[in-house]
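Residues in the sequence shown are numbered consecutively from 84, following our numbering. Cβ coordinates follow ideal geometry from the N, Cα and C atoms, glycine included. All values derive from a computational prediction rather than experimental measurement. First up is the structure itself, then whatever we jot down about it.
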Amino acid sequence: ERVRMLVRRAAVLPLIPEHRVEDVWLEALEDNGDDDNDVLRFKDYVTETWVEGHLTHWNHYENDGSRTTNVVEGWHHKFNRMCRRPHPNIFMFIQLIQKEQAANEAKMIQLAAGGVVRPKKKKYRQLDSRIRHLKDRLRQGTIQLMEYADAASRLLHLE
C-alpha cells in the first residue's frame with residue numbers, strides 16, 4: 084500500500100505547482116519507509132530525473148491543454164497511415180508534409196469562417212473541470228497541498 088501511494092504521488096507531480104513539487108515529493112518519501120532495492124531505485128529515478136530536472140518541461144499545473152502525449156501520438160499514427168510505408172524516401176516525406184500543411188491551412192480557414200472545433204469527449208471535459216476545481220480550491224487555500232495531490236491522483240485513477 085505504501086509503494087502504491089509513492090507511485091501515485093510521483094505520477095501526480097505534473098499537476099502540482101512547480102514551486103511545490105519538491106515539497107510533495109519529499110513528503111511522499113517521508114511517508115514511504117520502504118527500503119526495497121527496486122523502490123529505492125524508483126525513488127532515485129524520480130528525484131534525479133523529474134524533481135531535480137527541468138520542471139518547466141513536464142509540469143502542467145498552469146496548463147489547461149492536453150496533459151499527455153496522446154495528441155502527438157494520434158498525429159503520428161495518422162501520418163504513418165498516410166505514408167503507408169515504413170521508410171519513405173525524402174520526396175514522399177516532403178509530399179506528406181505538404182499535404183498535412185494544406186489540410187491544416189484548410190482547417191484554419193474553416194475556423195476563421197466560424198467553423199467549430201470538434202469538442203472533447205464528455206468524460207475528458209468533466210475530468211478537466213474537476214481538475215480546475217481542485218486547482219481553484221488549492222489557490223484559495225480551502226484544501227492543503229497533500230490533500231490536493233491525493234485528490235488529483237484519484238481523479239486520474241492512479242489508485
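Are the beta-carbon atoms belonging to residue i and residue j less than 9 Å from one another?
i, j, result
"R93", "V129", "Reading off the sequence, residue 93 comes out as Ala, not Arg. Taking 9 Å as the Cβ cut-off, A93 and V129 qualify as a contacting pair."
"L217", "A234", "yes"
"L179", "M191", "no"
"R87", "D114", "no"
"W133", "L194", "no"
"F125", "L89", "yes"
"V162", "E183", "Looking at the sequence shown, residue 162 is not Val but Phe. Cβ distance < 9 Å, so F162 and E183 count as in contact."
"E101", "T139", "yes"
I need the boundaries of the alpha helix (DSSP H) containing residue i, first residue and last residue.
i, result
"G116", "Run containing G116: none; DSSP gives neither H nor E here."
"I192", "173 to 195"
"V155", "153 to 166"
"T139", "138 to 141"
"E230", "228 to 238"
Quick check on residue i: buried or exposed, where buried means 16 or more other Cβ atoms within 10 Å of its Cβ?
i, result
"A232", "buried"
"W158", "exposed"
"S236", "buried"
"W141", "exposed"
"L109", "exposed"
"I214", "buried"
"A186", "exposed"
"R91", "buried"
"A196", "exposed"
"A111", "buried"
Our contact map puts residue i next to residue j with C-beta atoms below 8 Å; I'd like the distance itself, whole angstroms only.
i, j, result
"V107", "L228", "6 Å"
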